[in-house]
Amino acid sequence: MKTATVIQAFCALSAVYACGDGHDYTLSRRAAAPSSVTPPSRPLEWGDINILHTTDSHGWLLGHQKASFPEPNYSGDFGDFASFVAHMKELAIKKDVDLLLVDSGDLHDGTGLTDGDPAGGVNGQESIPFFTKLPYDLLAIGNHQNFAPKFKGRYLTSNADITLPSSNKSVPVGNFNHGASTRGRKVTSLGVLFDFTGGDKGTSVQKVADMINEQWFTEAIKDEPDLFILAG
């Protein structure tokens, strides 16, 4: 009982910080999730291959906070999602089925947490480590990405290149394609960006109509896999 009392008292506290410019910034605890969340309408149906998909997070790790419908249904924060993924992965193992976690771009640019890096830094350098802790099976580049997170070959940039200053050579930001599965199935994955023309100097996006004529693409689809995944 004493422990519970201490925790409740701690959670009720808020902190106030001053930046020296006459402004105070109050950091309050996250609001509790409302009890009026709509329950699932039916049991989740599992297949042999199942996919959890995220996109356009834009650094928004908190979750929706408004009490008006349907906001409470989206009140889970990134920690809640990480816990959900862990539980689902465990269930998939027990059911002996595939569960792939996929993201299709724009992990940052949208909140102070991802856009407030000091001069010389890059957007997302503090928030990307949160994403790398999740067991993503593959990720595709978005038009807001300006560097490739460390996902060991699972970060796909099938038609997005960057020019290396040292050699003036154009190379993929990440990987062209990726093939993997948790249950022995052969999966060929591509991460494609739309015909984006607003990139920074030294970056380029190849049109998909041209990409499919590349030799690497022909080789990637030569042998029919159990599943193609096109993320983007």
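Here the sequence shown is numbered in the numbering used here, starting from 12 and rising by one per residue.
Idealized CB from N, CA, C, for every residue including glycine.
These numbers were taken from a predicted model, which means no experiment stands behind them.
Check: Enclosing alpha helix (DSSP H) for ALA220 [first to last residue]; Outcome: 219-222
Check: Length-filtered (3 minimum) beta strand (DSSP E) runs lying within the segment 120-174; Outcome: 149-151
Check: Whole-angstrom C-beta distance between GLN76 and SER68, which should lie under 8 angstroms; Outcome: With 8 angstroms as the limit, SER68 and GLN76 do not qualify as a contact, their Cβ atoms being about 16 angstroms apart.
Check: Of the listed residues VAL108, PRO140, TYR166, PHE239, nearest to LEU72 (C-alpha basis); Outcome: PRO140
Check: Same chain only: Cβ atoms within 6 angstroms of GLU82, ignoring 5 sequence neighbours per side; Outcome: HIS75
Check: Assigned secondary structure, ASN179 (DSSP; H/G/I helix, E/B strand, else coil); Outcome: coil
Check: Buried or exposed (CB count within 10 angstroms, at least 16 for buried), THR6; Outcome: Summary: the structure shown does not reach residue 6, with the chain confined to residues 12 through 243, and so no result is reported for it.
Check: Beta carbon proximity, ASN84 to chain B, threshold 9 angstroms; Outcome: The displayed structure is made up of one protein chain only, and chain B is not part of it.
Check: Identity of the residues DSSP links to ALA97 by a beta bridge; Outcome: The partner list for ALA97 (beta bridge, DSSP) is empty, contrary to what the question assumes.
Check: Integer-rounded CB distance, given that ALA242 should sit under 8 angstroms from LEU167; Outcome: 7 angstroms
Check: DSSP three-state assignment for ALA242, whether helix, strand or coil; Outcome: strand
Check: ILE62 vs VAL108 beta-carbon contact at 9 angstroms; Outcome: no
Check: Secondary structure of THR229, DSSP reduced to three states; Outcome: helix
Check: Closer than 8 angstroms: LEU55 CB and nearest the ligand ATP heavy atom; Outcome: The model on display carries no ligand, and the ligand ATP is accordingly not part of it.
Check: Coarse secondary structure for ASP32, derived from DSSP in three states; Outcome: Interpretation of ASP32 is limited by its pLDDT of 45, a score under 50 that renders its predicted location unreliable; no figure is taken from the coordinates.
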